[in-house]
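Visitor:
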Amino acid sequence: MSRSLLKISELKQDDLIAILALAERISLGNMPNLSHHLSVATLFFENSTRTKVSFELAAKRLGLLYTNVDITKSSVAKGEAFEDMMLTLGAMAIDVFIIRHQQQGLMNIARELLPKASIINAGEGMLAHPTQAILDAFTLLQKFGELSNLKIVITGDIRHSRVARSLITALSLLGAKNIILSAPSYFLTDEPIANTIIETALDKAMVHADVVYTLRVQKERFKESSSFPLDEYVEQYCLTQQRIDKVHKNISIMHPGPINQDVEITKEVANGVNSLILKQVENGVIVRMAILAWVLLGNQSGN
Ligand code: CP
Numbered sequence: 002m003s004r005s006l007l008k009i010s011e012l013k014q015d016d017l018i019a020i021l022a023l024a025e026r027i028s029l030g031n032m033p034n035l036s037h038h039l040s041v042a043t044l045f046f047e048n049s050t051r052t053k054v055s056f057e058l059a060a061k062r063l064g065l066l067y068t069n070v071d072i073t074k075s076s077v078a079k080g081e082a083f084e085d086m087m088l089t090l091g092a093m094a095i096d097v098f099i100i101r102h103q104q105q106g107l108m109n110i111a112r113e114l115l116p117k118a119s120i121i122n123a124g125e126g127m128l129a130h131p132t133q134a135i136l137d138a139f140t141l142l143q144k145f146g147e148l149s150n151l152k153i154v155i156t157g158d159i160r161h162s163r164v165a166r167s168l169i170t171a172l173s174l175l176g177a178k179n180i181i182l183s184a185p186s187y188f189l190t191d192e193p194i195a196n197t198i199i200e201t202a203l204d205k206a207m208v209h210a211d212v213v214y215t216l217r218v219q220k221e222r223f224k225e226s227s228s229f230p231l232d233e234y235v236e237q238y239c240l241t242q243q244r245i246d247k248v249h250k251n252i253s254i255m256h257p258g259p260i261n262q263d264v265e266i267t268k269e270v271a272n273g274v275n276s277l278i279l280k281q282v283e284n285g286v287i288v289r290m291a292i293l294a295w296v297l298l299g300n301q302s303g304n
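With the sequence shown counted from 1, adding 1 to any position gets you the working numbering.
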């Protein structure tokens with residue numbers, strides 16, 4: 002079976018360190034040696050700006066053959082099943098499939114259907130977004146050098162967040178020991194998340210924090226009957242400059258994007274001096290080049 006990246010919990014610590022080391026080398030201009038005949042396809046069943054464009058740039062900068070399958074114009078619109086589509090594309094000997102899908106479990110199905118291809122999960126329902134987690138970890142390591150002494154607050158709509166689930170697993174694998182979740186009960190998960198503690202009050206959670214990672218309110222994943230008290234949420238959880246000034250001025254701000262301005266973060270804070278948000282985006286291309294190289298080099302070496 003070819004090497005794939007479906008979720009962080011499938012990675013050993015050495016794998017994650019190897020991807021980060023590859024990203025570091027790429028950022029210094031050392032390109033991995035890959036055959037230019039290798040091919041990559043993106044299949045985005047959900048919208049994306051950052052992930053899709055950065056994977057396209059990553060593939061092209063590595064000199065790989067790249068194609069996007071425009072789902073809205075594909076035969077999915079004629080009722081073609083996911084499995085049939087994957088088998089059809091697999092018959093074209095595509096080496097890497099980068100897939101985003103709202104339905105959990107389809108990444109595993111793709112891997113089982115196409116054992117000779119690599120599958121990269123570019124966002125799976127509320128379950129996993131491993132490439133976002135790795136680029137976030139890379140950004141934090143670039144800024145702080147190591148994670149074990151950092152106090153990292155993750156706030157916002159944790160309940161519906163595939164980013165939070167993958168990020169917590171990645172940070173824990175890399176030695177982070179102080180991860181605080183801060184959200185109202187309706188945005189926390191029913192089950193506790195390993196390696197985290199909860200401090201509901203954001204202002205309290207942010208005291209002595211090095212990083213606040215805020216998440217988008219994902220209305221598209223709410224159950225039909227669900228709603229939340231927007232004004233109260235903004236009052237208690239929106240990252241404003243005033244809230245940051247109350248704790249300390251050097252706290253780093255992260256967000257996976259896209260942003261709901263003035264819901265989880267103000268424009269001023271998102272574009273402010275403490276913000277790492279565009280650095281996350283910049284690193285997204287490098288880290289996704291590293292992930293592509295990691296799967297393809299693994300396949301070449303028979304791992
Ligand atoms: N963070 C993230 O996945 O952004 P996109 O939806 O724009 O890819």
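Heads up, the beta-carbon is just placed ideally off N, CA and C, and yes, glycines get one too.
Going by the DSSP bridge assignment, what does residue 215 pair with across the sheet?
Guide: Your numbering for residue 215 matches position 214 in the sequence shown. Bridge partners of residue 215: 156.
Visitor: DSSP puts residue 121 in a beta bridge; with which residues?
Guide: One-based indexing of the sequence shown puts residue 121 at position 120. Paired residue(s): 6, 99.
Visitor: Alpha carbons only, please: which of 133, 153, 268, 95 is nearest the one belonging to residue 116?
Guide: Residue mapping note: residue 116 aligns to position 115 of the sequence shown, counting from 1. The candidate whose alpha carbon is nearest that of residue 116 is 95.
Visitor: Does DSSP put residue 181 in a helix, in a strand, or in coil?
Guide: Taking the first residue of the sequence shown as position 1, residue 181 is located at position 180. Here residue 181 sits in strand by DSSP.
Visitor: On the criterion of 16 or more Cβ atoms from any shown chain inside 10 Å, does residue 176 qualify as buried, or is it exposed?
Guide: On the sequence shown, residue 176 is found 175 positions in, with the first residue counted as 1. So residue 176 ends up on the exposed side.
Visitor: Taking only runs that begin and end inside the segment 250 to 288, name each unbroken alpha helix (DSSP H) of 4 or more residues, in chain order.
Guide: 268 to 271
Visitor: Just the C-alpha distance for residue 68 and residue 99, rounded to the nearest angstrom, thanks.
Guide: Counting from 1 along the sequence shown, the entry for residue 68 is found at position 67. Counting from 1 along the sequence shown, the entry for residue 99 is found at position 98. Looking at the two C-alpha atoms, the distance is approximately 10 Å.
Visitor: When the Cα of residue 74 is compared with those of 45, 64, 102, which residue comes out closest?
Guide: Residue numbering aside, residue 74 sits at position 73 when the sequence shown is read from its first letter. Of the candidates 45, 64, 102, the one whose C-alpha sits nearest the C-alpha of residue 74 is 45.
Visitor: Looking at the ligand CP, does it come within less than 6 Å of residue 51, judged from the CB to the closest heavy atom?
Guide: Indexing the sequence shown from 1 puts residue 51 at position 50. It does: the Cβ of residue 51 is within 6 Å (strictly closer) of some heavy atom of the ligand CP.
Visitor: Out of 6, 288, 254, 72, which one is the CA nearest neighbour of residue 129?
Guide: For the purposes of this step, residue 129 is taken as residue 128 along the sequence shown, with counting starting at 1. Of the listed residues, the one whose Cα sits closest to residue 129 is 6.
Visitor: Any heavy atom of the ligand CP within a distance shorter than 6 Å of the CB on residue 133?
Guide: Numbered from 1 along the sequence shown, position 132 holds the residue referred to as residue 133. Yes, since a heavy atom of the ligand CP falls inside the 6 Å radius drawn around the Cβ of residue 133.
Visitor: What are the start and end residues of the alpha helix (DSSP H) that includes residue 234?
Guide: Residue mapping note: residue 234 aligns to position 233 of the sequence shown, counting from 1. In the DSSP assignment, residue 234 falls within the unbroken alpha helix (DSSP H) covering 231 to 238.
Visitor: Any heavy atom of the ligand CP closer than 6 Å to the beta-carbon of residue 257?
Guide: By 1-based counting over the sequence shown, the position of residue 257 is 256. It does: the Cβ of residue 257 is within 6 Å (strictly closer) of some heavy atom of the ligand CP.
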